[in-house]
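Mapping the sequence shown onto UniProt numbering, position 78 (from 1) lands on 78, and the numbers just tick up by one.
Here the structure is laid out as structure tokens; the discussion comes afterwards.
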Amino acid sequence: QGYYTRRGGIGESGDFVTSPEISQVFGELIGIWYISEWIATGKPKAFQLVELGPGRGTLTDDILRVFNQLASLLSKCDVSIHLVEVSPKLSETQALMLTGGKVQSNPEDKSAYMKGISKTGIPIFWYRDIQDVPPGYSFYLAHEFFDALPIHKFQRTEKGWREVLVDIDPEVPDQLRFVLSPSSTPATENFIQPEERRDHVEVCPEAGVIIQRLACRIEKDGGAALVADYGHDGTKTDTFRGFRNHKLHDVLSAPGTADLTADVDFSYLRKMTQGRTATLGPIKQREFLKNMGIDLRLQVLLQNSCDSATHQQLLHSYDMLMNPEKMGDCFNFFALLPHHRLEQPDRKRKPESKSALPPVAGFGELLLQ
Ligand code: SAH
Numbered sequence: 001q002g003y004y005t006r007r008g009g010i011g012e013s014g015d016f017v018t019s020p021e022i023s024q025v026f027g028e029l030i031g032i033w034y035i036s037e038w039i040a041t042g043k044p045k046a047f048q049l050v051e052l053g054p055g056r057g058t059l060t061d062d063i064l065r066v067f068n069q070l071a072s073l074l075s076k077c078d079v080s081i082h083l084v085e086v087s088p089k090l091s092e093t094q095a096l097m098l099t100g101g102k103v104q105s106n107p108e109d110k111s112a113y114m115k116g117i118s119k120t121g122i123p124i125f126w127y128r129d130i131q132d133v134p135p136g137y138s139f140y141l142a143h144e145f146f147d148a149l150p151i152h153k154f155q156r157t158e159k160g161w162r163e164v165l166v167d168i169d170p171e172v173p174d175q176l177r178f179v180l181s182p183s184s185t186p187a188t189e190n191f192i193q194p195e196e197r198r199d200h201v202e203v204c205p206e207a208g209v210i211i212q213r214l215a216c217r218i219e220k221d222g223g224a225a226l227v228a229d230y231g232h233d234g235t236k237t238d239t240f241r242g243f244r245n246h247k248l249h250d251v252l253s254a255p256g257t258a259d260l261t262a263d264v265d266f267s268y269l270r271k272m273t274q275g276r277t278a279t280l281g282p283i284k285q286r287e288f289l290k291n292m293g294i295d296l297r298l299q300v301l302l303q304n305s306c307d308s309a310t311h312q313q314l315l316h317s318y319d320m321l322m323n324p325e326k327m328g329d330c331f332n333f334f335a336l337l338p339h340h341r342l343e344q345p346d347r348k349r350k351p352e353s354k355s356a357l358p359p360v361a362g363f364g365e366l367l368l369q
């Protein structure tokens with residue numbers, strides 16, 4: 001039924017709300033993360049910021065504000081924005097947010113389906129698929145994107161793995177039901193890792209394909225990817241659920257009218273990089289944001305505003321993002337980086353080497369995997 005292409009209800013009036021919609025600080029700190037990586041890799045002459053599933057465009061808008069504030073630092077760098085979005089409705093909302101609505105559809109010279117210029121003068125392009133984005137040194141961003149992609153569900157039985165399928169209930173009209181496949185399916189043969197230990201497992205092959213593409217692109221052209229989503233490191237089993245009007249919704253009822261989501265399995269994403277890049281994380285959102293300086297940013301914003309309603313709003317949104325009971329613990333950050341970005345100089349062979357690269361911001365003391 002195409003939930004995102006027809007409804008796509010993000011925000012208070014919709015079905016679910018996301019971190020960038022809660023606080024501008026979220027996107028600002030992510031913007032700083034990219035600038036920090038850009039500096040650490042020697043300030044390349046150009047970079048593309050590629051966002052997968054940009055929603056209402058708020059995150060990119062907050063990042064662009066940071067880029068604009070650091071305009072003198074970026075003045076010699078050719079920055080462009082590339083949005084991968086399948087929803088015609090949401091791409092319109094993004095165009096309005098980022099360009100004021102001044103866009104050109106189907107530009108002849110590009111693989112993009114739409115192009116425009118941001119309020120701060122940066123070119124923006126829209127695509128339906130990551131493969132349409134031109135190659136080049138790029139920073140990728142996927143916030144609450146992978147959880148929206150379809151999954152397969154499997155159960156271990158005495159006869160081996162079986163796929164959970166959706167069937168029409170023969171007894172109740174207009175009702176769907178889950179059934180277990182009577183025999184093995186092609187998905188059972190292909191998508192379960194041989195070393196899998198869980199009894200129930202959810203696999204998102206589309207996420208695997210996209211991560212492979214990102215890893216290939218980063219290996220070849222450089223850059224980094226930041227993936228932020230709710231998820232786990234290969235431990236959870238049944239997470240598939242629906243949201244409608246901010247409430248849990250039965251995934252089988254009224255298809256196409258609710259946001260369907262499953263936790264991201266970061267261990268699967270790591271595996272799908274096939275060693276082409278290094279990975280960092282997953283690290284909890286509250287730790288990542290703390291490492292990125294959210295407390296300092298909050299203090300500055302509090303000092304800059306004198307009305308108590310704004311103060312309350314700032315403190316409330318900080319709590320939403322950071323509180324372990326809210327979004328602080330269940331959301332995770334995960335990064336792909338070129339191997340050379342994390343290599344430590346060999347001090348035994350070259351004790352005089354001073355060329356240690358600065359640590360990757362936000363991930364603290366995490367060891368690379
Ligand atoms: N990143 C945003 C929105 C998350 S919702 C935020 O944090 O607020 C998921 C987004 O992914 C929506 O923009 C949706 O239209 C888009 N999307 C879903 N499936 C997609 C696909 N297969 N390819 C590209 N975009 C997709």
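Idealized CB from N, CA, C, for every residue including glycine.
Exposure of residue i, with buried meaning 16 or more beta-carbon neighbours within 10 Å
i: residue 231; result: buried
i: residue 295; result: exposed
i: residue 108; result: exposed
i: residue 160; result: exposed
i: residue 194; result: exposed
i: residue 82; result: buried
i: residue 325; result: exposed
i: residue 178; result: exposed
i: residue 172; result: exposed
i: residue 93; result: buried
i: residue 317; result: buried
i: residue 50; result: buried
i: residue 312; result: exposed
i: residue 42; result: exposed
i: residue 426; result: Residue coverage of the chain in this structure runs from 1 to 369, which leaves residue 426 outside it and unanswerable.
i: residue 2; result: exposed
Whole-angstrom C-beta distance between residue j and residue i, which should lie under 8 Å
i: residue 240; j: residue 153; result: 6 Å
i: residue 224; j: residue 336; result: 7 Å
i: residue 85; j: residue 53; result: 7 Å
i: residue 363; j: residue 293; result: Residue 363 to residue 293, Cβ: 14 Å. No contact.
i: residue 227; j: residue 269; result: 7 Å
i: residue 192; j: residue 201; result: 7 Å
i: residue 256; j: residue 6; result: 7 Å
i: residue 16; j: residue 259; result: 5 Å
i: residue 26; j: residue 36; result: In fact, because the Cβ distance is near 16 Å, the residues do not count as touching under 8 Å.
i: residue 297; j: residue 28; result: 7 Å
i: residue 147; j: residue 261; result: 5 Å
Nearest to residue i (by Cα), restricted to the options the options
i: residue 135; options: 293, 21, 233 and 47; result: 47
i: residue 123; options: 129, 112 and 335; result: 112
i: residue 76; options: 39, 89 and 59; result: 39
i: residue 140; options: 344, 333 and 340; result: 333
i: residue 151; options: 105, 204, 195 and 125; result: 204
i: residue 182; options: 145, 265, 199 and 166; result: 166
i: residue 121; options: 79, 321 and 307; result: 79
i: residue 73; options: 174, 34 and 144; result: 34
i: residue 55; options: 28, 26 and 145; result: 145
i: residue 216; options: 202, 130 and 87; result: 130
i: residue 68; options: 49, 119 and 320; result: 119
i: residue 435; options: 323, 246, 322 and 302; result: In the structure as shown, the chain starts at 1 and stops at 369, and residue 435 therefore has no counterpart that could be examined.
i: residue 128; options: 42, 254, 87 and 316; result: 87
i: residue 57; options: 29, 299 and 100; result: 100
i: residue 234; options: 263, 206 and 245; result: 263
i: residue 361; options: 341, 317, 180 and 291; result: 291
i: residue 132; options: 189, 96, 188 and 213; result: 213
i: residue 65; options: 45, 44, 261 and 98; result: 98
i: residue 287; options: 329, 306 and 220; result: 329
i: residue 9; options: 309, 247, 305 and 253; result: 247
Unbroken alpha helix (DSSP H) run spanning residue i, endpoints
i: residue 12; result: Neither: residue 12 is in no alpha helix (DSSP H) and is coded neither H nor E.
i: residue 155; result: That residue, residue 155, is in no alpha helix (DSSP H); its beta strand (DSSP E) goes 152-157.
i: residue 272; result: 266-272
i: residue 292; result: It is not in any alpha helix (DSSP H) - residue 292 carries neither H nor E in the DSSP assignment.
i: residue 190; result: 186-191
i: residue 182; result: From DSSP, residue 182 is part of no alpha helix (DSSP H); its letter is neither H nor E.
i: residue 37; result: 24-40
i: residue 311; result: 308-322
Span of the beta strand (DSSP E) around residue i
i: residue 282; result: 278-284
i: residue 228; result: 223-232
i: residue 48; result: 46-52
i: residue 110; result: Element bounds for residue 110: n/a, residue is neither H nor E.
i: residue 141; result: 138-143
i: residue 335; result: 331-337
Cβ-based neighbour list, residue i, same chain, cut-off 8 Å, excluding 5 preceding and 5 following
i: residue 218; result: 138, 140, 224, 225, 276, 277, 336, 337 and 338
i: residue 114; result: 91, 95, 103, 104, 105, 106, 107, 125 and 126
Neighbourhood of residue i by C-beta, 7 Å cutoff - its chain only, sequence neighbours within 5 removed
i: residue 24; result: 62
i: residue 320; result: 22, 326 and 327
i: residue 149; result: 204, 206 and 207
6 Å Cβ shell around residue i - same chain, five flanking residues per side excluded
i: residue 271; result: none
i: residue 185; result: 163
i: residue 199; result: 156
i: residue 142; result: 52 and 227
i: residue 331; result: 230 and 285
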